[in-house]
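Peer 1: In terms of the numbering used here, the sequence shown opens at residue 13 and continues consecutively.
The C-beta atom is built at its ideal place from N, Cα and C for all residues, glycine as well.
Note that this is a predicted model, so its numbers are computed, not measured.
What follows is a structure written as structure tokens; I'll ask about it next.
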Amino acid sequence: MSEQCPNCLSRRIGKNNYGKKTAGVVGASAGTYGGYAAATAGAQAGAALGIVAGPVGATVGGIGGAVIGALLGGATGASAGVILGDVLDDRVLDNLRCLDCGYSFSTDPDSRDDIR
Numbered sequence: 013m014s015e016q017c018p019n020c021l022s023r024r025i026g027k028n029n030y031g032k033k034t035a036g037v038v039g040a041s042a043g044t045y046g047g048y049a050a051a052t053a054g055a056q057a058g059a060a061l062g063i064v065a066g067p068v069g070a071t072v073g074g075i076g077g078a079v080i081g082a083l084l085g086g087a088t089g090a091s092a093g094v095i096l097g098d099v100l101d102d103r104v105l106d107n108l109r110c111l112d113c114g115y116s117f118s119t120d121p122d123s124r125d126d127i128r
């Protein structure tokens, strides 16, 4: 079903996605921090294992573990944030915007075609 602007009845509708964008950034930031914090323990273990290869191996093992942990945490946090933001956009925020008159509105959740 195509959305229609309740103000001017235009069918040229865009999405704002403010919730998805904001929650994605917050989730990525929190995930990166959490991943880095958790990875420091892994980095210490990597450094201990890298000691076998000498001081350079210990440094590379420690830094590599921290970087990989931060990247994985950031990606996981961003994914979770985008999912949460998508729900906020659909259920709470006026996510739709008329491209003709600029009016922002949301769809009525009761009018959607739900699979029952």
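Starting from R23 and walking both ways along the beta strand (DSSP E), at which residues does that stretch end?
Peer 2: Run containing R23: none; DSSP gives neither H nor E here.
Peer 1: In the structure shown, what three-state DSSP assignment does L83 receive?
Peer 2: DSSP places L83 in helix when its eight states are reduced to three.
Peer 1: Using a Cβ-Cβ cut-off of 8 Å (strictly less than) and excluding sequence neighbours within five positions of L105, which residues of its own chain qualify?
Peer 2: These residues qualify, in order along the chain: N28, Y30, G31, S118.
Peer 1: Would you kindly work out how many angstroms separate the C-alpha atoms of T52 and A82, rounded to a whole number?
Peer 2: Whole-angstrom Cα-Cα distance: 9 Å.
Peer 1: Could you check if L83 belongs to the surroundings of the ligand NAP, using beta carbon to heavy atom distance under 7 Å?
Peer 2: This structure lacks the ligand NAP; in fact it carries no ligand of any kind.
Peer 1: Buried or exposed: where does A49 fall if 16 or more other Cβ atoms within 10 Å of its Cβ makes it buried?
Peer 2: Its Cβ having fewer than 16 others within 10 Å, A49 is exposed.
Peer 1: The beta strand (DSSP E) with L108 in it runs from where to where?
Peer 2: Where L108 is concerned, the enclosing beta strand (DSSP E) stretches over 108–110.
Peer 1: Which residues in the same chain as V38 place their Cβ atom closer than 6 Å to its Cβ, once the five residues preceding and following it in sequence are excluded?
Peer 2: If we look at V38 and ignore the five residues flanking it on each side, its Cβ neighbours are G93.
Peer 1: What number of angstroms, rounded off, separates the C-alpha of V79 from the C-alpha of A35?
Peer 2: Between V79 and A35, the C-alpha separation is close to 23 Å.
Peer 1: Thinking just about the alpha-carbon of each residue, which of G114, Y115, C110 is nearest to the one in R23?
Peer 2: Nearest option by C-alpha distance: C110.
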